[in-house]
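> So for the first sequence, this note's numbering puts the first residue at 15; every next one is plus one. Ideal Cβ positions, reconstructed from N, Cα and C, are used throughout, including at glycine. Predicted model only: the values in this text are computed from it and were never measured.
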Amino acid sequence: MAKFQFYPLDLTYKVVNGKPIIYIFGKTTDGQQICVLDDSFEPYFYVIPKAGADIKDKLTAISAEKDNESYHITRVESEKMKFKEKEIDALRCFTNVPRAVPALKDIIYDWDSVESVNEYDIRFVRRYLIDKNITPLTLVNVEGDIVPEKLKVPAIKAKSIEQFSEDTVKNLKILAFDIETYGEVGRRIAPEKNPILMIALYGENFKKIITWKKFKTEEDVEVLPSEADVIQRFQELVDEYKPDVIAGYFSDGFDFPYIRTRAKKYKLKMDIGLDYSEIRIGRGAQKTAQVTGIMHFDVFKFIKRAVYKTLKTDVYTLDAVSEEILGEKKIDVDMSRLSPAWDETSDELGLFAKYNLHDARLTYKLCLNLIPNLFELVKVVGQMPYSINRMSFSQFVEWYILRQVKSLKEIAPNRPGYNNQMARQAKRLKGAFVFEPTPGLYKDIIVFDYKSLYPTIIASHNISPGTVNCSCCEGKNKAPVDMIDAWFCTKKRGFASSIIEDLITRRSRIKEMLKEKDDVLLNARSQTLKDMANSFYGYLGFSAARWYCYECAESILGWARQYIHKVIDQAKEQGFDVLYSDTDSVFIRLKDKTKEDAVKFVEKINMDLPGVMELEYQGFYPGGIFVSTKAGESGAKKKYALIDDKNNVKITGFETVRRNWSFIAKDVQKEVITRILKEQNADSAVDYVKKVIADLKEGRIPVEKVSIRTQLSKDIDEYDNVGPHVAAAQRMKSKGLVVGPGSMITYVVTKGKGRIRDKVKLPDEIKQGDYDAEYYIDNQIIPGVERIFSVVNVKKEELMGKGSQSKLGSFI
DNA sequence: ACCTACCGGGG
DNA sequence: GTGTACGGTAGGT
């Protein structure tokens, strides 16, 4: 009997001789790939019978048959459980095989004696991880014997298996890959028709390109006789490299499905799974690709679902994402040349090989960069990396709750059906409170904000789907909301509030540790815990959630509005001037008060706050500007700029960050804000704008600065209204360039009469100064700064040198 | 304004 | 495989 420890990486199950066996692929402490088999886990689901109904015998009698497999309930156990945090009697029905669960549930569902059937849709391996309390990627103890099994790694049949510690797997072997395919850019991608031309692989001390045509190149290219050989070789290389992680960029939806389609055409078996299974492509609108035993990391999916919030970019192309995260772009090639170059066997293919390998390298680096975040999510949520990679935040919360409530004997509610979801969506939430600013230039601003406002409200007011409107506490702990009556139990702790309190305290501990020493993994963990806590409010109000709770979500918002009002009202009472407030923050002006008064104010507020709630003194700003909305007098929400005491200017919500503005307009807006805040008046900003206008008129602004970039969203012919960017795209097409949906169009508006679209030219078509200065002044520069200047009483005419000098405003 | 259909990423 | 997305928005009505 061998005893050892290993880190689980990937799980699957198989039914052998009518019995389900869990296969846990992982790595031992000395770095060996192995598979641990566990046949001790039984599938089950819950039936909640109507009061007094005795249906045990009736349940054990049912059976079903499908695909020559018979399904039945092996035994039924009565259990004292909870449902929505209330005690109930439940029947736990064990079945012979996992597939029996959904099949049998359909039979039982509409029995009169049954209240509900639950937990029939929790996949077997996920159930296993939850019930066995095993956390993937962390150290697990195993006792067992080596058994013969048709696998690429040694198999051990477990006698016992149990979680040992939080120690996390290190030094995983990662292999990134990328394919290039034949086909006309802009046309539908057709894997059944067009061949794979080359495949690049990239790992630590490993890079290779495989292809089936010979061309001149500096890279390590292996040339094979045919496409089928390339696919075969890809498989061999993966087998030889033995990666723990195989990474691609949108490989769920493109690379793997493409490879599989091509392999099928040549009747090749893509059995790269460690159990000799083929790549499994999930059907449905959104594809997935799973490789047994190897963690398939689709970098794109992870970014789009779990990382997007921390990124500025709103397009998730490999190019944009690499630039932001790694500071590195893709190699700029003309993709429309790939297929012609292939047909001609031109040496241009050398550049495409380089491009191919570079993409694989970027994917590899992104993978290294994001793995700490993925792994921390795996450890917090407790599901395997493959699953976590494909989940969004509401699912993280749901699977986290499922794991946490296991020990509380809480039966999970079922996911809502379509109609139920629609009904939930119809109930709108009231929203957060915004105190609209009066446009102006202000000095001595203090910003307060509630630390984790929504999570701390949930924890402090015991908000949970099972504590709402309890029979024991009516009238106490009542939410400040108009539309509904909602109060929350003051006697028994709800699971949502205790889970969230746990997340908050765990994060505080990590923060303390981080103060001692900075650490990538700890930072990732802190971020994960924060994201999880912040997602709870959204989860409770999410129509597809198992633990959806409208009263909870509405109450959280009600309390949030009340707590922010409290700060606003008391600040006014204390003689501060309230400038602006949004959701969880309040901006005030000191007037005749001091910073110390503001600090004392925060302390006073905190004395009255319940539980873990806390108002923070976020910072002091010597100056700030709030501008008006397009429409009228009131100040725009989420659009302001502040300058701190180190002269750093922080701009929020202005167009400076928007893509479809010319650089000159963005530069000018930023410079105007900065000058006004730094110099505490508008004089220098006015001079600056006048100078830019003069430069524009005299053609001194470089072409790049007057270029406007817009992304094409569909084919050129599909546009009914030919806007300037469409006109530019037409010019590009007429020059033989291929443009289609997603193409970035860069254009300049040039001098001349008539419509804008007739004056559009491409940047390389024009000479210095050959742009329409009036257009740029009227449609780019002025709109960007007009509302900023109106705050300080500067009229548009004055900037353009027409009007008379008005009285300039300054700080108040 | 509201509703529905389609798109994203990849070549 | 004890499940199948989802959130945004363009375009039509």
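Taking the beta carbon of D463 as the centre, do at least 16 other beta carbons fall within 10 Å, making it buried, or is it exposed?
Here residue 463 corresponds to residue number 449 of the first sequence, with the count starting at 1. Buried.
> Can the beta-carbon of A190 be found less than 8 Å from the beta-carbon of T452?
Here residue 190 corresponds to residue number 176 of the first sequence, with the count starting at 1. Here residue 452 corresponds to residue number 438 of the first sequence, with the count starting at 1. No, these two residues do not count as a Cβ contact at 8 Å.
> How big is the Cα-Cα spacing for H475 and I514?
On the first sequence, position 461 is the one that residue 475 refers to. On the first sequence, position 500 is the one that residue 514 refers to. Their Cα atoms are separated by approximately 12 Å.
> Rounded to whole angstroms, what's the CA-CA distance from G737 to F248? Just pull it up for me.
On the first sequence, residue 737 is found 723 positions in, with the first residue counted as 1. On the first sequence, residue 248 is found 234 positions in, with the first residue counted as 1. For G737 and F248, the distance between alpha carbons rounds to 46 Å.
> Alpha carbon to alpha carbon, how far is L604 from I518? Give it in angstroms, no decimals.
Taking the first residue of the first sequence as 1, we reach residue 518 at position 504. Taking the first residue of the first sequence as 1, we reach residue 604 at position 590. Distance between the alpha carbons of I518 and L604: 32 Å.
> With DSSP as the reference, label E56 as helix, strand or coil.
Taking the first residue of the first sequence as 1, we reach residue 56 at position 42. Three-state result, E56: coil.
> Starting from the C-beta of I170, find all residues in its chain whose C-beta is less than 6 Å away, skip the five residues before and the five after it, and write them out in chain order.
Position 156 of the first sequence, counted from the start, is the residue given in the question as residue 170. Closer than 6 Å at Cβ, skipping near neighbours: V50, G158 and I160.
> Are the stretch 383-400 and the stretch 412-425 touching, with three or more C-beta to C-beta distances below 8 Å?
The stretch 383-400, when compared against the stretch 412-425, does touch it at the 8 Å Cβ threshold.
> Which residues bound the alpha helix (DSSP H) around K544?
Stepping through the first sequence from its first residue, residue 544 is reached at position 530. Taken as a continuous stretch (DSSP letters only), the alpha helix (DSSP H) holding K544 covers V534 to L554.
> Hey, would you say L105 sits closer than 8 Å to K146, going by beta carbons?
In the first sequence, the residue the question calls residue 105 occupies position 91. In the first sequence, the residue the question calls residue 146 occupies position 132. Not a contact, by the Cβ cut-off of 8 Å.
> In whole angstroms, what is the alpha-carbon distance linking Y828 and L384?
Given that the chain is displayed from residue 15 to residue 826, the structure contains no residue 828 and the question cannot be resolved.
> Provide the residue span of the alpha helix (DSSP H) that contains Y790, from first to last.
Translated into the one-based positions of the first sequence, residue 790 becomes position 776. From DSSP, the alpha helix (DSSP H) with Y790 extends over A787 to Y790.
> Excluding the 5 residues flanking S179 on each side, which residues of the same chain have their C-beta closer than 8 Å to its C-beta?
As a first step, residue 179 is located in the first sequence; it is residue number 165 there, counting from the start. Within the same chain, S179 has close Cβ partners T152 and L153.
> Please return the same chain residues whose Cβ sits closer than 7 Å to the Cβ of A473, not counting the five positions on each side in sequence.
If you number the first sequence from 1, residue 473 lands on position 459. Only S511, I514, E515, I518, G625 and V626 meet the Cβ criterion.
> Where do the ends of the alpha helix (DSSP H) carrying D622 lie?
Along the first sequence, read from residue 1 onward, the residue named residue 622 stands at position 608. Here the alpha helix (DSSP H) through D622 covers K609 to D622.
> Mind checking which residues open and close the alpha helix (DSSP H) that includes T519?
Residue 519 sits at position 505 when you count from the first residue of the first sequence. F509 to E530 is the span of the alpha helix (DSSP H), which, as asked, contains T519.
> N807 lies in the beta strand (DSSP E); which residues open and close that run?
Taking the first sequence and counting its residues from 1, the one referred to as residue 807 is at position 793. Neither: N807 is in no beta strand (DSSP E) and is coded neither H nor E.
> Thinking just about the alpha-carbon of each residue, which of R351, L282, F18 and K749 is nearest to the one in T43?
Here the question's residue 43 lines up with position 29 in the first sequence. Ranking R351, L282, F18 and K749 by Cα distance to T43 puts F18 first.
> In this structure, does DSSP put V321 in helix, strand or coil?
To locate residue 321, count along the first sequence from 1; it is residue 307. V321 falls in the helix class under three-state DSSP.
> Three-state secondary structure (DSSP) at E568?
Translated into the one-based positions of the first sequence, residue 568 becomes position 554. Residue state, collapsed to three classes: helix.
> In terms of alpha-carbon separation, which member of H310, E79 and I722 lies closest to P271?
Against the first sequence, residue 271 aligns to sequence position 257. For the residues H310, E79 and I722, the minimum Cα distance to P271 belongs to H310.
> Spell out the partners DSSP gives A14 in its beta bridges.
This structure leaves residue 14 out entirely; the chain is present only between 15 and 826.
> Keeping to the same chain, check which residues put their C-beta closer than 8 Å to that of Y290; ignore five residues upstream and five downstream.
Residue numbering aside, residue 290 sits at position 276 when the first sequence is read from its first letter. Once the five neighbours on either side are set aside, the close Cβ partners of Y290 are K164, L165 and K166.
> Measure from the alpha carbon of K207 to the alpha carbon of each residue in P257, R520 and E241, then state which is nearest.
Position 193 of the first sequence, counted from the start, is the residue given in the question as residue 207. Residue E241 is the option with its Cα nearest to K207.
> Name the two residues that bound the continuous alpha helix (DSSP H) containing N387.
Counting from one through the first sequence, the residue named residue 387 turns up at place 373. Segment L363 to V395, the alpha helix (DSSP H) holding N387.
> If you measure between the beta carbons of Q304 and Y432, is that distance less than 8 Å?
Within the first sequence, the letter at position 290 stands for residue 304. Within the first sequence, the letter at position 418 stands for residue 432. No, they are not a contact pair.
> Among the residues of its own chain, which have a CB less than 6 Å from the CB of Q418, if the five just before and after it don't count?
Translated into the one-based positions of the first sequence, residue 418 becomes position 404. The residues are I513.
> If distances are taken between C-alpha atoms only, which option among F502, M546, Y564 and R560 comes closest to Q439?
Position 425 of the first sequence holds residue 439. Comparing Cα positions, the closest option is Y564.
> For C484 and D124, what's the separation of their Cα atoms in angstroms?
For the purposes of this step, residue 484 is taken as residue 470 along the first sequence, with counting starting at 1. For the purposes of this step, residue 124 is taken as residue 110 along the first sequence, with counting starting at 1. Each residue's Cα considered, the two are about 29 Å apart.
> Using a Cβ-Cβ cut-off of 7 Å (strictly less than) and excluding sequence neighbours within five positions of F634, which residues of its own chain qualify?
Your numbering for residue 634 matches position 620 in the first sequence. Hits under 7 Å: I460, K609 and D659.
> Report the option in D103, S174 and F138 whose CA atom is closest to the CA atom of N116.
Your numbering for residue 116 matches position 102 in the first sequence. In the sequence as presented, Asn is not what sits at residue 116; that position holds Pro. It is F138.
> Can you say whether Y369 is buried or exposed, counting buried as having 16 or more other CB atoms within 10 angstroms of its CB?
Taking the first residue of the first sequence as 1, we reach residue 369 at position 355. Y369 should be labelled buried.
> Going residue by residue through the stretch 333-367, where are the continuous alpha helix (DSSP H) segments of at least 4 residues, counting only ones entirely within it?
Here the runs fully enclosed are 352-358.
> Three or more beta-carbon pairs under 8 Å between the stretch 493-503 and the stretch 565-574, yes or no?
A contact exists between the stretch 493-503 and the stretch 565-574.
> Report the residue from N155, K773 and K72 whose alpha carbon sits nearest the alpha carbon of R745.
Looking up residue 745 in the first sequence gives position 731. R745 has its Cα closest to that of K773, out of N155, K773 and K72.
> With respect to the alpha helix (DSSP H) encompassing H739, which residues constitute its N-terminal and C-terminal limits?
By one-based count along the first sequence, residue 739 stands at place 725. Note, H739: alpha helix (DSSP H), P738 to S748.
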